[in-house]
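A.B. asks: Sharing a structure with you now.
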Amino acid sequence: MIMTATRTASTLPTFPFDTPHGDDTDPEGLRLLADRSMARARMAEDGKEVWLALGYQANRQVMSDPRMARQPVTSPDAPVTVPALVGVTEVISVMDPPRHTRVRRLLAAAFTPRMVDRLRPRIQTIIDDLLDRFDSYDKPSDLMEMFFAPLPITVICELLGVPEADRSNLRGWAHRFMTAGAPEEMAATHQEVGAYLAGLIAAKRAHPADDLTTALVEVRDQGDRLTEGELVINIQTLLVAGFETTLNQFSNGIVALSRNPGQFDLLRQNPDLADNAVEELLRYVKQIVATIPWIASEDLDIDGHKVKAGDAVVGVPNIGNRDPAVFVDPNRLDITRSNASQHLSFTHGPHFCLGAQLARTEMRMALAALVRRYPNLDVAVPHADLEWRREAAVRALWRLPVTW
């Protein structure tokens, strides 16, 4: 049974916190973190009471403790943080062992580091082609449309073997998944994407190619293979994560650098710092507004807090990334920070992001090339005038006007 008691709910903070999307993190979350590593809160979506894991160690424990379960969050009485996943049971992010272990092993056997490494020359070509077009645009122009959107959608679609003619549809679907729409809208999007991907999978079965979809169709482990439902929903997840979240991390990172001109200048003068700058931006910039809850399968202690069986716990990695116990002067952007890569933005433990290597590769290559080719690039409007997507499940801009 999932415990979502509402005792003293009126006195609890509401989560996600009511923070302007333009802020790099949540002041309310930082205020709570200063006093405790775990806090009770009331979910904005449905009013249910949950624990928030705020501290770095609390987040890591929640993400890795085998007594914390994900499958129960698919039930109707679970707290809602990601409307697109309500009722979805086939996606790996809501699975527990032994099914999670089995599906992740199959996915990892197909989506290998070697596959990402083979993509590097193609990623560089896409980056160079997009940057070559900059001089054809008027100033200011939208960096998201010029560069940050076409790069990840092209990369993930080429990786999956999606025909070029279909890519604009997939981009629209990915955007809709990250927007908190009505349940019927989410259901319609799931149906549209599912039908398309089922057709793509059938095409790869009939005509195998050198792409990830074919690899996922063909992967075997001691005779085991992914079911049709597992194929569809997990390819869908790769699409959304590979495009929408990468796009937003790109654009939010440029805004953060623009707000910290000393760090932006340091990067311009030293493009070789791009790799570490990406890690620091992943740590510093809030991207995901709310993560999928965990449910305690038994009574346990999380970083000194007593959590009861059935309690729902929501990890808040963007607050854990600002924990002064781990990161010195955590509210300062420092692209030379020695432990920046210890951030929790790809989570931790068994649910660590399968696409982390691809995301890091794209962002590092893109940021280095951008500051080398256009060192004068900067946001073209006052930061207060940037338009943020208030309805999004992630911290996301509508557009990013820049000059260069």
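At position 244 of the sequence shown the residue is numbered 244 (the UniProt record's numbering), and the sequence of numbers has no breaks. In this text, a Cβ means the ideal position worked out from N, Cα and C, and glycines have one as well.
#1: When DSSP labels each residue in this structure, what does TRP294 get in the three-state scheme?
#2: Would VAL394 pass as a contact of VAL289 if the rule is Cβ separation under 7 Å?
#3: Round the Cβ separation of VAL94 and ARG70 to the nearest angstrom and send it over; I've been treating them as touching at under 8 Å.
#4: Measure the alpha-carbon distance for GLU362 versus PRO152 and round it to whole angstroms.
#5: On the criterion of 16 or more Cβ atoms from any shown chain inside 10 Å, does ALA359 qualify as buried, or is it exposed?
#6: With DSSP run on the structure shown, which of helix, strand or coil describes HIS305?
#7: May I ask you to report which of helix, strand or coil DSSP gives TRP173?
#8: Would you check if the distance between the CB atom of VAL278 and the CB atom of ALA109 is smaller than 7 Å?
#9: Would the segment 298 to 307 count as touching the segment 48 to 61 if we require 3 or more Cβ pairs under 8 Å?
#10: Let me know the secondary structure DSSP gives ARG395 once reduced to three states.
#11: How is ALA384 classed by DSSP in three states: helix, strand or coil?
#12: Whose C-beta lies closer than 7 Å to the C-beta of ARG364 among residues of the same chain, with five residues either side of it excluded?
#13: Measuring alpha carbon to alpha carbon, tell me which residue in PRO208, ILE156, GLN357 and SER338 is nearest ILE112.
#14: State the Cα-Cα distance for the pair HIS207 and ASP329, rounded to the nearest angstrom.
#15: State the DSSP-derived secondary structure class of GLU280, mapped to helix, strand or coil.
#16: Can you tell me whether THR6 is buried or exposed? The criterion is at least 16 other CB atoms within 10 Å of its CB, across all chains shown.
#17: Just to confirm the assignment, what range does the alpha helix (DSSP H) spanning THR19 have?
#18: What residues are listed by DSSP as bridge partners for GLU49?
#19: Are HIS348 and ASN321 close, meaning C-beta to C-beta below 7 Å?
#20: According to DSSP, simplified to helix, strand and coil, what is MET95?
#21: Rounded to whole angstroms, how far is the Cβ of VAL316 from the Cβ of GLY22, which I believe are closer than 8 Å?
#22: Can the beta-carbon of PHE17 be found closer than 7 Å to that of ASP26?
#23: Among ARG259, GLU184 and HIS175, which residue has its Cα nearest to the Cα of TRP398?
#24: In whole angstroms, what is the alpha-carbon distance linking residue 405 and LYS204?
#25: Please report the straight-line C-alpha distance between ASN252 and GLU387, rounded to a whole angstrom.
#26: If we ignore side chains and look at the alpha-carbon of each, how far apart do LEU130 and PRO401 end up?
#27: When you compare only the Cα positions, how much space is there between LYS286 and VAL314?
#28: Quick one: is the Cβ of ARG360 within less than 6 Å of any heavy atom of the ligand MN?
#29: Counting only runs that start and end within the segment 140 to 206, where is the alpha helix (DSSP H) found for 4 or more residues in a row?
#30: According to DSSP, simplified to helix, strand and coil, what is ALA356?
#31: By Cβ distance, which residues of its chain are closer than 6 Å to VAL91, with the 5 residues on each side in sequence left out?
#32: Here's a check: name, in chain order, each residue in its chain whose Cβ is nearer than 7 Å to the Cβ of MET1, leaving out the five neighbours to either side.
#33: Could you give the distance in angstroms between the alpha-carbon of THR245 and the alpha-carbon of VAL307?
#34: So which of LEU106, ARG36 and LEU247 has the shortest CA-CA distance to ALA215?
#35: Compare the Cα-Cα distances from GLY262 to each of ASP35, ILE335, PRO350 and ASP138 and report the closest residue.
#36: Rounded to a whole number of angstroms, what is the C-alpha to C-alpha distance between THR74 and THR189?
C.D. replies: Concretely, from the data shown:
#1: The count along the sequence shown starts at 1 and reaches residue 294 at position 294. In the structure shown, TRP294 sits in a strand (DSSP, three-state: E or B).
#2: Within the sequence shown, the letter at position 394 stands for residue 394. Within the sequence shown, the letter at position 289 stands for residue 289. It is a contact, given that the beta carbons lie within the stated cut-off.
#3: Position 94 of the sequence shown, counting from 1, holds the residue named residue 94. Position 70 of the sequence shown, counting from 1, holds the residue named residue 70. At roughly 5 Å, the Cβ-Cβ gap stays under 8 Å, so VAL94 and ARG70 are in contact.
#4: Taking the first residue of the sequence shown as position 1, residue 362 is located at position 362. Taking the first residue of the sequence shown as position 1, residue 152 is located at position 152. Near 8 Å, if we compare the C-alpha coordinates of PRO152 and GLU362.
#5: Within the sequence shown, the letter at position 359 stands for residue 359. So ALA359 ends up on the buried side.
#6: Within the sequence shown, the letter at position 305 stands for residue 305. Reduced to three states, the DSSP call for HIS305 is strand.
#7: The sequence position of residue 173 within the sequence shown is 173, counting from 1. In the structure shown, the three-state DSSP call for TRP173 is helix.
#8: Position 278 of the sequence shown, counting from 1, holds the residue named residue 278. Position 109 of the sequence shown, counting from 1, holds the residue named residue 109. Contact flag unset, no.
#9: Enough Cβ pairs lie closer than 8 Å, so yes.
#10: For the purposes of this step, residue 395 is taken as residue 395 along the sequence shown, with counting starting at 1. If DSSP states are grouped into helix, strand and coil, ARG395 belongs with coil.
#11: As a first step, residue 384 is located in the sequence shown; it is residue number 384 there, counting from the start. The answer is helix: DSSP assigns ALA384 an H, G or I state.
#12: Numbered from 1 along the sequence shown, position 364 holds the residue referred to as residue 364. Only ALA274, ASP275 and VAL278 meet the Cβ criterion.
#13: On the sequence shown, residue 112 is found 112 positions in, with the first residue counted as 1. Looking at the sequence itself, residue 112 is Thr, so the reference to Ile does not match. For THR112, the nearest C-alpha among the options comes from GLN357.
#14: For the purposes of this step, residue 207 is taken as residue 207 along the sequence shown, with counting starting at 1. For the purposes of this step, residue 329 is taken as residue 329 along the sequence shown, with counting starting at 1. The alpha-carbon of HIS207 is positioned some 54 Å away from that of ASP329.
#15: Counting from 1 along the sequence shown, the entry for residue 280 is found at position 280. Note: GLU280 maps to helix in three-state DSSP.
#16: Translated into positions along the sequence shown, residue 6 becomes position 6. In this predicted model, THR6 has a pLDDT of only 41, less than 50, meaning its place in the structure is not dependable enough to derive any value.
#17: In the sequence shown, the residue the question calls residue 19 occupies position 19. The continuous stretches of alpha helix (DSSP H) do not include THR19, and DSSP gives it neither H nor E.
#18: Position 49 of the sequence shown, counted from the first residue, corresponds to residue 49. For GLU49, which the question treats as bridged, DSSP gives the partners ARG42.
#19: Sequence index remark: in the sequence shown, residue 348 carries index 348 (1-based). Sequence index remark: in the sequence shown, residue 321 carries index 321 (1-based). Between HIS348 and ASN321, the CB-CB gap reaches or exceeds 7 Å.
#20: What you label residue 95 is simply residue 95 of the sequence shown in a count that begins at 1. Under the three-state reduction of DSSP output, MET95 falls in the coil class, being neither helix nor strand.
#21: The residue you call residue 316 lines up with position 316 of the sequence shown. The residue you call residue 22 lines up with position 22 of the sequence shown. About 19 Å; that fails the 8 Å criterion.
#22: Working through the sequence shown from its first residue, we reach residue 17 at position 17. Working through the sequence shown from its first residue, we reach residue 26 at position 26. The answer is yes: Cβ separation under 7 Å.
#23: Residue mapping note: residue 398 aligns to position 398 of the sequence shown, counting from 1. Its Cα nearest to that of TRP398, the residue HIS175 stands out among ARG259, GLU184 and HIS175.
#24: An answer regarding residue 405 cannot be provided, because it is not within the stretch 1 to 404 covered by the chain.
#25: Residue mapping note: residue 252 aligns to position 252 of the sequence shown, counting from 1. Residue mapping note: residue 387 aligns to position 387 of the sequence shown, counting from 1. Cα to Cα, ASN252 sits roughly 12 Å from GLU387.
#26: If you number the sequence shown from 1, residue 130 lands on position 130. If you number the sequence shown from 1, residue 401 lands on position 401. Our two residues, LEU130 and PRO401, have alpha carbons roughly 16 Å apart in a direct line.
#27: Position 286 of the sequence shown, counting from 1, holds the residue named residue 286. Position 314 of the sequence shown, counting from 1, holds the residue named residue 314. The straight-line gap from Cα to Cα measures roughly 16 Å.
#28: No copy of the ligand MN appears in this structure; indeed no ligand is present at all.
#29: Counting only runs of 4 or more residues that sit fully inside the segment 140 to 206, the alpha helix (DSSP H) segments are 150 to 160, 167 to 177 and 183 to 206, in chain order.
#30: Along the sequence shown, one-based indexing puts residue 356 at 356. Helix, per DSSP.
#31: As a first step, residue 91 is located in the sequence shown; it is residue number 91 there, counting from the start. Cβ contact annotation for VAL91 (same chain, cutoff 6 Å, sequence separation greater than five): ILE233 and THR237, in chain order.
#32: Numbered from 1 along the sequence shown, position 1 holds the residue referred to as residue 1. Bear in mind that a pLDDT of 46 at MET1, under 50, signals an unreliable position, so the model cannot answer this.
#33: Position 245 of the sequence shown, counted from the start, is the residue given in the question as residue 245. Position 307 of the sequence shown, counted from the start, is the residue given in the question as residue 307. Near 31 Å, if we compare the C-alpha coordinates of VAL307 and THR245.
#34: Residue 215 sits at position 215 when you count from the first residue of the sequence shown. Nearest in C-alpha terms to ALA215, of all of LEU106, ARG36 and LEU247, is LEU106.
#35: The sequence position of residue 262 within the sequence shown is 262, counting from 1. A check of alpha carbon separations from GLY262 across ASP35, ILE335, PRO350 and ASP138 identifies ILE335 as the nearest.
#36: For the purposes of this step, residue 74 is taken as residue 74 along the sequence shown, with counting starting at 1. For the purposes of this step, residue 189 is taken as residue 189 along the sequence shown, with counting starting at 1. Here the alpha carbon of THR74 sits roughly 18 Å from the alpha carbon of THR189.
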